[in-house]
Structure formats: C-alpha cells, structure tokens
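Just so it is clear: in the sequence shown, position 31 is 39 by our numbering, and no numbers are missing. For glycine and all other residues, C-beta sits at the position ideal for the given N, C-alpha and C. Everything below concerns the one structure shown next.
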Amino acid sequence: AFPNGCFDVDMASVNREKQMIFEQVLQNPAPKCKLATIDLDFLGERSLQQELAEVGFAAEKPSLFVAEGLIMYLGPEGKFKLISDVSAVAAPGSVWVLQFLDPSEGPAAETPQAKHGLTEEEARKALTE
C-alpha cells in the first residue's frame, strides 16, 4: 500500500468511464489504500498541485507518479506543463514512471505529429531544470 494514498488524475470523461468499468465489470473492488479520483484537464488553468492539495495529498512525502500514454495528447505546451506540475509536487525520494513516444527516432520524426511527442533530450532537460 502507499502511505500517501493513491490519486487517480485524469479528465472527467475518462474518470467516468473508469468508474463505470469498476462498478459494472469488476463489481466495485475495494481499494487497498486510500483512493482519491481527481478530474483534471492537464491543459486547463488548474494545476496538479491545486487539485492534489484539495484532497489531502501530503506533498512532503515521497510519492510514485505514473504517466502512461499521456504526453502525446497534451501537445507541445501541455507536455511541459505536465512535467512542471509533477515536479512541483514531487518530494525528494519520489519516483516518476513516464512512458512516452520519442518521435525523433524512426519515420515519425518528420511528421507534423512529432511535436506532440517528447524526445529523450526534451525529457532530460525539462526534468533537470
């Protein structure tokens, strides 16, 4: 279990779909730790820090952050906002599992969609600033 609890952050429409699956398909399994579902549009005005503070996130405790398949939907500015938002709430000792598509490798590098991906170089720079 996670002593800081679990915080499932996603867009409201995605959270509704996940809740439906938990209720109708999985028969509402009991969470193994405190769980807070947060509706947040990462491209909106609200920050992750604001949303987490409202549901009791202990910012001074190390946490595990997981972002799978999200970066490419956030666009050129949103991907850096996400990195900034997570960095703002990640206490020393925290771990971030960031899965992303590096468009600089392979045939996608020359497409207009490449700007939506995150290169390894961009990730390293954004995470060490």
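Asked                                                                                                                             : Found
Using the three-state DSSP reduction, which class does Leu48 fall into: helix, strand or coil?                                    : coil
Report the option in Glu137, Asp110 and Gln27 whose CA atom is closest to the CA atom of Met19.                                   : Gln27
Tell me Phe73's beta-bridge partners as DSSP assigns them.                                                                        : Trp104
Just to confirm, is the Cβ distance from Leu90 to Leu56 under 9 Å?                                                                : yes
With a 10 Å radius around its C-beta and 16 neighbouring C-beta atoms as the bar for buried, classify Ile79 as buried or exposed. : buried
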